[in-house]
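Okay, structure first, notes after.
Residue numbers (the numbering used here): -19 to 515.
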């Protein structure tokens, strides 16, 4: 309609100019001249009519609406956007009723490699591919988020081979698995979050257990030393080694305290840590049946829970300002499978971080109590004896040897990091500082201690009767001095010297899970060079 009105206006203008705007007055024109002008005007009018008809048949194109501002208030210094008037003749675009499935998706991860020179003969000089982790963080929709983290630890390859029977019959079956030594593929996190409010976010899936600050912030590139702490990994006081995750559900949230800073919490119900056992049985010619059982706590199953009872964990924290935080956490749950007596494990932890200019103090303390270890061992012996009777075996003297790896009546320990961050001005123009905005050197000292009370050394049974149980009290200390260069915050080149020692004359191998010391090797000195990166 608007196009037709514009065309009609143009025609009227042309006729007016032709009739009244000529150089010669109308009264002075000869009939021949007037006939020629009228003919020319008629031709122009006919052409305009054709254009009007074309404009009527052509579809009306409506410009898309301008994108809405992100907020109701324009930025300072900019005028409010003008709103175009609308009429009934101007069709409006329908409002959007759907949103993209994934509005924000981030892929990241971290990895680390280390060289170690140790005075323990079985370690010597070695390179270690510590781990490579892939993570994803997706905003599926407004207030719905998902996080996943998959770890490849000490893994260079994993190959599975199977072959069908040959013409010779069943002997043709074969099945083999090849991998690097100590390899592990682990799902560390995989959960979805529905934010009801900032202080009430529901989570479900594979969750990191909120016991201590390290288990929640375990990424290698976040730390300035090339080995994880004893409390969390090497001589785990935690019920399971970090990074420790369980299948469960719960809530997390943050509360703005105004001038008091920020408060937060995480509370979950989970399957919980449980004992995992491997059995090896040997029948002796003397008529003795010997069974060797290794029992150790591991994170719970991701399938049907082998325990009737669930576990729970809670952590609350207060952060008065950026870089400063104090938190406390607790874990409680049954750790024995259904075929064993019901026994519980509980842990308490306190942790914190203090930043004073270039100085940082960070630490964590954990106490864990394993209840009913003697009853658990007796339960295993009864279960093994009953299994042999049900199998219909001939009467034999049953000798059961138990190795309760990592179990003690109680464990406690702490680690304390002191850091100093700096970068000399005279290095700004060198290769260490030139292309980077804020490179840093970090000096770190870490002091660690772990105490194990009534650590189980050996349990022997004859038949289904407890014949011997051996326990001892042990300690492990470690002191570390480190120097780290960070060209950017996500990358760390780490150099460290560490000294680890235990009770005089006793092996470090019996109280750690990473030092293959001989029976009398109670001290290890190591030089470490590590590289950790994130992306």
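Each residue gets a CB set at the ideal place from its N, CA and C atoms; glycine is no exception.
Query, Result
"Taking the CB atoms as reference points, tell me whether residue 163 and residue 129 lie closer together than 9 Å.", "no"
"For residue 405, name the three-state secondary structure that DSSP assigns.", "helix"
"For residue 185, which three-state DSSP category applies?", "strand"
"Please classify residue 385 as buried or exposed, where buried requires at least 16 neighbouring CB atoms within 10 angstroms.", "exposed"
"Taking just the CA atoms, how far does residue 440 sit from residue 173?", "48 Å"
"State the Cα-Cα distance for the pair residue 296 and residue 228, rounded to the nearest angstrom.", "18 Å"
"Quick one: give me the first and last residue of the beta strand (DSSP E) that residue 297 is part of.", "291 to 301"
"Could you give the distance in angstroms between the alpha-carbon of residue 141 and the alpha-carbon of residue 157?", "6 Å"
"Can you check whether the CB of residue 195 is closer than 9 Å to the CB of residue 223?", "yes"
"Does DSSP put residue 203 in a helix, a strand or coil?", "coil"
"Rounded to whole angstroms, what is the Cα-Cα separation between residue 335 and residue 409?", "28 Å"
"If you draw a straight line from the C-alpha of residue 327 to the C-alpha of residue 451, how long is it?", "21 Å"
"Could you tell me the alpha carbon to alpha carbon distance between residue 498 and residue 233, rounded to whole angstroms?", "48 Å"
"Would you call the CB atoms of residue 138 and residue 458 closer than 9 Å?", "no"
"What residues are listed by DSSP as bridge partners for residue 331?", "307, 344"
"Cα separation between residue 52 and residue 118?", "With a pLDDT of only 42 at residue 52, under 50, the local geometry of the prediction cannot be trusted, and the value read off the model is given with reservation. Near 27 Å, if we compare the C-alpha coordinates of residue 118 and residue 52."
"If we count the other Cβ atoms within 10 Å of its Cβ and call it buried at 16 or more, is residue 251 buried or exposed?", "buried"
"Residues in the same chain with beta-carbon distance under 6 Å from residue 313, minus the five sequence neighbours each way, listed in chain order, please.", "252, 291"
"Answer yes or no: do residue 98 and residue 110 have a C-beta to C-beta separation smaller than 9 Å?", "no"
"Just the Cα atoms here: how many angstroms apart are residue 59 and residue 180?", "Bear in mind that a pLDDT of 40 at residue 59, under 50, signals an unreliable position, so the model cannot answer this."
"Determine, using beta carbons only, whether residue 279 and residue 316 come nearer to each other than 9 Å.", "no"
"On the CB-based measure, 16 or more other CB atoms within 10 Å of its CB, does residue 411 come out buried or exposed?", "exposed"
"Which partner residues does residue 172 have in the DSSP bridge list?", "126, 184"
"Drop a sphere of 10 angstroms on the beta-carbon of residue 240, count the other beta-carbons inside from all chains shown, and report buried for 16 or more, exposed for fewer.", "exposed"
"Identify whether residue 167 lies in helix, strand or coil by the three-state DSSP scheme.", "strand"
"I'd like to check one pair, residue 504 with residue 479: are the Cβ atoms closer than 9 Å?", "yes"
"Restricting to Cα atoms, I'd like to know which of 417, 461, 415, 353 is closest to residue 396.", "461"
"By the DSSP assignment, the alpha helix (DSSP H) with residue 196 in it spans what residues?", "193 to 196"
"At 3 residues or longer, what runs of the beta strand (DSSP E) sit wholly inside the stretch 221 to 249?", "225 to 236"
"Helix, strand or coil for residue 178 per DSSP?", "coil"
"Three-state secondary structure (DSSP) at residue 362?", "helix"
"For residue 136, tell me which candidate among 159, 116, 115 has the shortest Cα-Cα distance.", "159"
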